[in-house]
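Q: Let me give you the structure first, and then I'll get to my questions.
Structural data, given as structure tokens:
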């Protein structure tokens with residue numbers, strides 16, 4: 239609501255950048271809350287919840303408030319997400335990252351067909367955190383699990399929405415430019 243109340247002040251600036259993290263928070267909360275798993279059990283219901291939130295959100299109110307002003311609005315996201323279904327076993331040392339869609343570390347052990355792998359991170363323009371660091375990225379609907387408590391993590395994360403991999407759903411980033419009629 240603070241955004242809506244402050245819109246008149248923001249119009250004085252040449253550029254405003256507003257970060258709204260709701261959809262990302264929803265995907266993470268859906269992993270942990272049974273009621274959200276029920277409400278957003280598949281892609282269509284997930285989009286429906288997101289749309290309903292947007293239509294009733296302060297963000298939507300703020301956009302309506304400036305719709306007749308001579309401004310341009312660019313709306314974008316930093317990544318998409320994908321519903322993960324297929325677990326892939328990965329073995330790594332204690333410094334290996336915990337993300338379900340990508341891992342980096344030393345001595346990663348994995349099935350090459352399951353991931354996009356970079357033994358030399360520089361090949362992909364990635365940082366080199368340590369000597370012998372490599373990166374792997376889950377493809378399509380895959381997710382990466384360690385062998386410790388494997389079945390628990392598979393059951394916990396299967397059918398959740400995740401990001402960080404290399405599926406089209408995660409990597410194609412929509413950008414929308416909106417111009418009010420009075421901005422011409």
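In the working numbering, the protein residues as written are 239 to 422. Glycine is no exception: its CB is placed at the ideal position from the N, C-alpha and C atoms.
Residues in its own chain within less than 6 Å of residue 265 by CB, not counting five upstream and five downstream?
A: 319, 399.
Q: Measuring alpha carbon to alpha carbon, tell me which residue in 363, 299, 340 is nearest residue 240.
A: For the residues 363, 299, 340, the minimum Cα distance to residue 240 belongs to 299.
Q: Are three or more beta carbon pairs between the region 406 to 420 and the region 349 to 358 nearer than 8 Å?
A: Output reads no: the region 349 to 358 does not touch the region 406 to 420.
Q: Looking at the unbroken beta strand (DSSP E) that takes in residue 372, where does it start and where does it end?
A: Counting along the chain, the beta strand (DSSP E) containing residue 372 begins and ends at 371 to 376.
Q: How many angstroms separate the CA atom of residue 396 from the CA atom of residue 387?
A: One C-alpha to the other measures close to 14 Å.
Q: Taking all protein chains shown into account, decide if residue 253 is buried (16 or more other Cβ within 10 angstroms of its Cβ) or exposed.
A: With fewer than 16 other Cβ atoms within 10 Å, it is exposed.
Q: With distances taken Cα to Cα, identify the nearest neighbour of residue 327 among 333, 338, 308, 317.
A: Closest by alpha carbon: 338.
Q: Hey, how far is the Cα of residue 334 from the Cα of residue 343?
A: Approximately 4 Å, taken between the alpha carbons.
Q: Can you look up residue 320 in the DSSP assignment and give me helix, strand or coil?
A: In the structure shown, residue 320 sits in a strand (DSSP, three-state: E or B).
Q: Pick helix, strand or coil for residue 244, following the three-state DSSP scheme.
A: Here residue 244 sits in helix by DSSP.
Q: Could you check whether residue 245 and residue 313 sit closer than 8 Å to each other, using their CB atoms as the reference points?
A: Their beta carbons are not under 8 Å apart, which means residue 313 does not touch residue 245 by this criterion.
Q: So the alpha helix (DSSP H) residue 287 belongs to, where does it begin and stop?
A: Looking at the DSSP string, the run of the alpha helix (DSSP H) that includes residue 287 is 281 to 293.
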